[in-house]
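Enquirer:
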DNA sequence: TGGTTAATTAACCATATGGTTTAATATAAC
DNA sequence: GTTATATTAAACCATATGGTTAATTAACCA
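Chains as they are written, first to last, in my numbering: chain A, 293 to 414; chain B, 293 to 414.
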């Protein structure tokens with residue numbers, strides 16, 4: 293798909309690309325600097341491709357000076373992504389509520405039955 | 293890749309799957325109920341495959357009763373995903389700071405030039 | 001001019017992904 | 001037992017993805 297959110301999530305769905313973003317948290321870096329930690333595992337063109345994916349998703353910006361391409365994070369798409377996910381916040385908070393309630397339930401049952409370490413049907 | 297975060301982001305990188313999750317915000321639903329809004333665009337097995345991807349990513353849970361599989365959201369992986377993204381929050385907030393600063397800069401320039409109807413930040 | 005460095009492009013390959021249609025399975029219901 | 005319904009599985013296909021190596025481009029340097 294070509295919609296923005298799909299491109300963002302798709303770009304994030306690869307550990308190498310997430311690691312590249314992570315490197316860029318320390319500030320700008322050019323392609324070969326970024327590639328250095330990965331050259332045991334894969335080639336420079338492989339990294340360049342990953343950077344292109346990140347760039348197309350708008351997650352990094354490249355600026356050209358001489359023969360170097362300096363990359364930097366552009367986090368706007370991440371904001372979009374997190375906003376999308378945030379619709380579901382109540383669902384994971386709710387499940388903690390339920391867990392909390394469940395814990396209270398078994399605790400009160402233990403108390404009322406004087407149970408020390410018996411397992412109960414959930 | 294097979295790591296958890298990659299699977300989550302990968303599952304979210306498809307608009308059909310995001311729409312399915314969105315449907316599930318209204319509560320549990322079985323496969324054919326979920327598929328109904330999509331049957332113009334794609335087949336039931338296609339939806340079933342998407343649901344399987346969501347299930348493998350842990351984003352939904354299926355419970356079997358008779359021949360129906362009721363699906364419900366499991367948001368825990370979303371929490372993980374949003375936590376990962378949140379590392380980068382300063383990067384998008386920082387850029388808003390910069391924008392804000394930029395706006396102040398041009399506004400003060402306008403003022404100093406005696407502009408009458410320049411737009412102002414609300 | 002020629003050499004070195006940084007990065008991209010090209011051509012290729014294996015596997016994954018997203019879809020199809022047809023068949024199979026499982027359960028209910030008559 | 002047969003039939004209808006809900007879902008999955010199988011086989012297949014086109015395109016996307018993630019990697020490779022070798023070649024090319026672009027800029028600097030001397």
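Here a beta-carbon is modelled for each residue, glycine too, at the ideal position from N, C-alpha and C.
Which complete alpha helix (DSSP H) runs does the region 329 to 361 of chain A hold, if anything under 4 residues is left out?
Expert: Those alpha helix (DSSP H) runs which fall completely within the region 329 to 361 of chain A and span 4+ residues are 336 to 348.
Enquirer: Can you tell me which of B:367, B:330, B:320, B:355 puts its alpha carbon nearest to the alpha carbon of residue 308 of chain B?
Expert: Comparing Cα-Cα distances from residue 308 of chain B to each of B:367, B:330, B:320, B:355, the minimum goes to B:330.
Enquirer: Assign residue 337 of chain B to one of two classes, buried (16 or more other C-beta atoms within 10 Å of its C-beta) or exposed (fewer than that).
Expert: Its Cβ having fewer than 16 others within 10 Å, residue 337 of chain B is exposed.
Enquirer: Taking any Cβ of chain A, which residues in the region 375 to 386 of chain B have a Cβ under 9 Å from it, in chain order?
Expert: Residues 376, 377, 378, 379, 380, 381, 382, 383, 384, 385, 386.
Enquirer: I want to see whether chain B comes within less than 8 Å of residue 301 of chain A, judged by CB atoms only; does it?
Expert: So yes, residue 301 of chain A belongs to the interface.
Enquirer: Quick check: the region 352 to 363 of chain B against the region 364 to 374 of chain A, are at least 3 beta-carbon pairs closer than 8 Å?
Expert: Contact between the region 364 to 374 of chain A and the region 352 to 363 of chain B is absent, because fewer than three Cβ pairs lie under 8 Å.
Enquirer: Is there a C-beta anywhere in chain B that falls below 8 Å from the one on residue 343 of chain A?
Expert: Chain B, which has no Cβ nearer than 8 Å to the Cβ of residue 343 of chain A, makes this no.
Enquirer: Hey, is residue 295 of chain B's beta-carbon within less than 8 Å of any beta-carbon in chain A?
Expert: Residue 295 of chain B counts as touching chain A.
Enquirer: Name, please, each residue of chain B whose Cβ falls closer than 7 Å to the Cβ of residue 371 of chain A.
Expert: Within chain B, the residues near residue 371 of chain A are 384.
Enquirer: Since residue 307 of chain A meets chain B, which of its residues come closer than 7 Å, beta carbon to beta carbon?
Expert: 293, 295, 298, listed in chain order.
Enquirer: Across which residues does DSSP place residue 322 of chain B in a beta bridge pair?
Expert: According to DSSP, residue 322 of chain B bridges with B:362.
Enquirer: For residue 367 of chain A, return the contacting residues in chain B, with the cut-off set at a CB-CB distance below 7 Å.
Expert: Those within 7 Å of residue 367 of chain A in chain B are 380, 383, 384, 387.
Enquirer: With a threshold of 8 Å between beta carbons, is residue 326 of chain A in contact with chain B?
Expert: No, residue 326 of chain A lies away from the interface with chain B (no Cβ there is under 8 Å from its Cβ).
Enquirer: Would residue 376 of chain B and residue 297 of chain B be called neighbours here (beta carbons separated by less than 8 Å)?
Expert: Closer than 8 Å, so yes.
Enquirer: Tell me where the alpha helix (DSSP H) around residue 374 of chain A begins and ends.
Expert: Element bounds for residue 374 of chain A: 368 to 378.
Enquirer: Measuring only between beta-carbons, confirm whether residue 346 of chain B sits less than 8 Å from chain A.
Expert: Not closer than 8 Å to any Cβ of chain A, the Cβ of residue 346 of chain B fails to qualify, so no.
Enquirer: Candidates A:373, A:313, A:293, A:301: which alpha carbon is nearest residue 353 of chain A's?
Expert: Checked all of A:373, A:313, A:293, A:301; the closest Cα to residue 353 of chain A is A:313.
Enquirer: Is it buried or exposed, residue 302 of chain A, if we count other Cβ atoms within 10 angstroms and call 16 or more buried?
Expert: When all chains shown are included, residue 302 of chain A counts as buried.
Enquirer: Take residue 300 of chain A and list the residues in its own chain whose beta-carbon comes closer than 8 Å to its own, dropping the five residues that flank it on each side.
Expert: Closer than 8 Å at Cβ, skipping near neighbours: 349, 350, 351, 369, 370, 372, 373.
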